[in-house]
Structures are given as C-alpha cells and as structure tokens.
Amino acid sequence: MTLTIDTDAWRAHQRAVVERTPGIIPVAKGNGYGFGLTRLAEEAQSLGVRTIAVGVPGEVAAVRDHFDGDIVVLQPWRPFDARAVELARDPRVIWTVSRLDDIEVLANLGGDVRPRVILEVLTSMRRHGLSSADLDAGEEASAMLDVQGWTIHLPLHSEATEAEARDLAARAVDAFRAPVWLSHVPVSTAEAISHELSAQGERLETRLRVGTELWLGDRSAYSTSATVLDLHEVSRGDRIGYHQHRAPGDGWVVIVAGGTANGVGMEAPTSGSTMRAKAISVATGAMEAAGRALSPYTLDGKKRTFLEPPHMQSSMIFMPKGSTPPQVGDRVPVEVRMTTALFDIVRERTDTGRVPA
Ligand SMILES: *Cc1c(COP(=O)(O)O)cnc(C)c1O
2 MTLTIDTDAW RAHQRAVVER TPGIIPVAKG NGYGFGLTRL AEEAQSLGVR TIAVGVPGEV
62 AAVRDHFDGD IVVLQPWRPF DARAVELARD PRVIWTVSRL DDIEVLANLG GDVRPRVILE
122 VLTSMRRHGL SSADLDAGEE ASAMLDVQGW TIHLPLHSEA TEAEARDLAA RAVDAFRAPV
182 WLSHVPVSTA EAISHELSAQ GERLETRLRV GTELWLGDRS AYSTSATVLD LHEVSRGDRI
242 GYHQHRAPGD GWVVIVAGGT ANGVGMEAPT SGSTMRAKAI SVATGAMEAA GRALSPYTLD
302 GKKRTFLEPP HMQSSMIFMP KGSTPPQVGD RVPVEVRMTT ALFDIVRERT DTGRVPA
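Position one of the sequence shown corresponds to residue 2 (the working numbering), numbered consecutively onward.
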C-alpha cells in the first residue's frame, strides 16, 4: 500500500493552518495520521513551532530526535507507567497531570529538576481531569512542579462546549494564573478566552492542539493506492482463497496489496448516529469484510467486492467478466482511514511509474 504526498501542497496547507492558529501545538500520535510519527516530527520542525504533542509516553522516543522543541504527552501521567516515571524529569517533556495523587507522586520524585506539567481540567467528556472543586491544587502544585498551564479537552465543538470552554478556563485561571491549552475549539474561541482572561495589560496565553485539520485537512494533498500483485481468470463456481468460497461469476481474481496489517477492511466504529456515517463506513470497506462485502479498492472505475476477508497484507478482489482488469504492477486507488492505515511505501507525488519489479 502506498501513500503519495504532494509535498508542496501538503506543506502549504500546514503553513496556512499554523498562520491562522497562534501558539499551535501539532499533534503527532498513534500511526502519525498515516504519515508516521517521525515524518510529522520533521514537518513540525520545519514549521518552526516550539512544542509538539504525542499521545503516550512510548511515543516520545519516536519524535525527540527529529524535533528540537518541547514534547507534551497528551495522555495523563500515571505512576504505573514505567516509561512515564523514567522520563518524568526529562527537561524536554511536559506531562499532562489529571489527579491530585499524581501531582503528589511527581512532586516527591526528588532530584533538582522539577517535572514540567500542564494540569488537566475535567470537562463534560468525563475522561480525565481535576474537578472544579480541586482546581485550587494548581497553586500548591506550582510550588513543587513547573506548571506550564491548564489543559481543557472538550467534546466535539458545539455552542455548549463553547460556553463550557469559557467557564472552565475562567475557573482554572482564577484558581491559578497560567496559560490555557485547548483542543477542539475554534481559534476564535481561544482568542475570546485569552481576551476575557487578560488582566492589567497582561495577555493570557491560549494554545491549541491540532492534529486532523493540520495533517489531513487538505484531502487533495495526498492519495492512497494499492499495487496489483497478481491476477487470475476464473469461471463461475471455481473455488478461491483460504476459505474456498466459489467465484460468484466468470471474471478475475485480483490480488492487491493491503490487508488487515495495513488497516484495510477493519471494522471501524462509527458514531452510528447518521446514515451518512454508515454509508461512509461501507464505502471505506470498514464494515465487516466477510463474504461479498464492498472493498475499498477501485478497479476499472468502480469499488469492487472482496472474495474473502482481507489477509494480513493482501486482499482478494473479484472483477466480473466485461470489466477491464488491471495489470500486475498497476497502482489502483484504495480508500483508507488515515488514522488506522499503515503504508508500505510513502512517496512524493512527483515520482512516476510503476513499482519496480
Ligand atoms: C488527539 C488529541 C488532539 C488532536 O485531535 P484531532 O482531532 O486529530 O485534531 C487534541 N487534543 C487532545 C487532548 C488529543 O488527545
């Protein structure tokens, strides 16, 4: 499976997002939004930002040699994570701290360097964070830890989350004056909060963490394809594949690159709330890929069906007689979720031709 990047367009989009988002913190976590953590760290470095965010302690190592600035870990620090403990006093790492107990443990680690932290405020997500009643701990924590700010992670943006962001930010800053780091709110909200909470000519800094919009916001800047690995003519009723299902008609079995290891044909949960979401999940092959499910591969202009569930690194696709099969070595379009995809090849769009034999 191949990811092709139009690097100039991709970077132009990144720069546009960075320019309209003062204090932006690029997020590089998980599969690196399909691009890989190393690549995103390098892009963040060229963007000239001072902070990058990773998801978990184990991801710090993947970015630290490719990015010079600070690395914030989004998942809250926990004492039972050996890597989190080991890196607790790393001067380049900023930890998210969400429980009073963890503040205390971090404060008592000893040594000269005070751990750098942001303190998380519990929101209506009810995931992690100090409750409103515990926000006063910010002041005490600052005596023992290097508190860089408050962090507020809201559910998907709505009028209600907008109001919640303002309310929680005001309470947190009232308890302890420090910058506010936000996620999933528009720049205008961050600026409004900064304006509201600025006092006596001293501007309150707000910072926004952005992943999807930054890396995946320009859909035309990248494309995904799969190499045709093999092709066999079949007759209706011929047995095919691990499961020896019968060919549904005369035509071809096309073996294409990409399987479960690449994130193809994985069942992806949707919010389930809209028909549109369901339709997308079908179109991307995210539905249960057994039997004759529609695959995410486009061959001869149409999405084609799987002959059996995808294998680890390849999939068997059926093309009926009357369609024009590809040639071995061709690249065909494949639709994947960028946050679950793993590519074998990442190339620049200026590259041409087929994969060398
Ligand atoms: C993952 C994450 C983000 C980035 O989310 P996107 O929707 O990809 O922009 C921001 N903030 C926090 C706390 C996160 O965990």
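Ideal placement from N, C-alpha and C gives every residue a C-beta, glycine not left out.
Straight-line gap, residue 142 to residue 116 (C-alpha atoms, nearest Å): Locating residue 142 in the sequence shown gives position 141, counting from the first residue. Locating residue 116 in the sequence shown gives position 115, counting from the first residue. Each residue's alpha carbon lies about 11 Å from the other.
Complete beta strand (DSSP E) runs within the stretch 205–236 (minimum length 3 residues, chain order): When DSSP assignments are scanned along the stretch 205–236, the uninterrupted stretches of beta strand (DSSP E) that are 3 or more residues long and fall wholly within it turn out to be 207–211 and 223–235.
Can you tell which of 130, 152, 173 and 323 has the C-alpha that lies nearest to the C-alpha of residue 140? Counting from one through the sequence shown, the residue named residue 140 turns up at place 139. The shortest C-alpha separation from residue 140 is found at 173.
Do the stretch 250–270 and the stretch 302–316 touch if we need at least three Cβ pairs shorter than 8 Å? Enough Cβ pairs lie closer than 8 Å, so yes.
Thinking C-alpha only, which one of 27, 256 and 224 is nearest residue 230? Taking the sequence shown and counting its residues from 1, one reaches residue 230 at position 229. Of the candidates 27, 256 and 224, the residue whose Cα lies closest to the Cα of residue 230 is 256.
Between the C-alpha atoms of residue 335 and residue 206, what's the straight-line distance to the nearest angstrom? Position 334 of the sequence shown holds residue 335. Position 205 of the sequence shown holds residue 206. Rounded to the nearest angstrom, the two C-alpha atoms are 42 Å apart.
Between residue 1 and residue 11, is the Cβ-Cβ spacing less than 8 Å? Since the first residue of the chain shown is 2 and the last is 358, residue 1 is not available in this structure.
For residue 366, name the three-state secondary structure that DSSP assigns. Nothing in the structure corresponds to residue 366, since the chain is present only between 2 and 358.
Less than 7 Å between the CB of residue 67 and some heavy atom of ligand 1, yes or no? Residue 67 sits at position 66 when you count from the first residue of the sequence shown. For ligand 1, not one heavy atom lies less than 7 Å from the Cβ of residue 67.
Should residue 155 and residue 18 be called a contact, given that it needs their Cβ atoms to be closer than 8 Å? One-based indexing of the sequence shown puts residue 155 at position 154. One-based indexing of the sequence shown puts residue 18 at position 17. In terms of Cβ geometry, residue 155 and residue 18 do not form a close pair [threshold 8 Å].
Closer than 7 Å: residue 79 CB and nearest ligand 1 heavy atom: As a working note, residue 79 is residue 78 in the sequence shown. No heavy atom of ligand 1 is found nearer than 7 Å to the CB of residue 79.
Status (buried if at least 16 other CB within 10 Å, exposed otherwise) for residue 157: Here residue 157 corresponds to residue number 156 of the sequence shown, with the count starting at 1. Around the beta carbon of residue 157, a 10 Å sphere encloses fewer than 16 other beta carbons of the protein chains shown; the residue is thus reported as exposed.
Keeping to the same chain, check which residues put their C-beta closer than 6 Å to that of residue 80; ignore five residues upstream and five downstream. Start at 1 with the first residue of the sequence shown, and residue 80 comes out as number 79. Excluding sequence positions up to five before and after residue 80, its CB lies within less than 6 Å of the CB of 106, all in the same chain and listed in chain order.
Helix, strand or coil at residue 71 according to DSSP, with G and I counted as helix: Here residue 71 is taken as the residue at index 70 of the sequence shown, counted from 1. Reduced to three states, the DSSP call for residue 71 is strand.
Quick check on residue 296: buried or exposed, where buried means 16 or more other Cβ atoms within 10 Å of its Cβ? The residue labelled residue 296 in the question sits at position 295 within the sequence shown. Its Cβ being crowded by 16 or more others within 10 Å, residue 296 is buried.
Beta-carbon proximity check, residue 197 vs residue 152, cutoff 8 Å: Reading the sequence shown from its first residue, position 196 is the one you call residue 197. Reading the sequence shown from its first residue, position 151 is the one you call residue 152. The criterion of a C-beta distance shorter than 8 Å is not satisfied by residue 197 and residue 152.
Could you give the DSSP three-state label for residue 183: helix, strand or coil? Residue mapping note: residue 183 aligns to position 182 of the sequence shown, counting from 1. Three-state result, residue 183: strand.
Can you round the beta-carbon distance between residue 118 and residue 146 to whole angstroms, since I take them to be within the 8 Å contact cut? Your numbering for residue 118 matches position 117 in the sequence shown. Your numbering for residue 146 matches position 145 in the sequence shown. About 5 Å separates the two Cβ atoms, so the contact holds.
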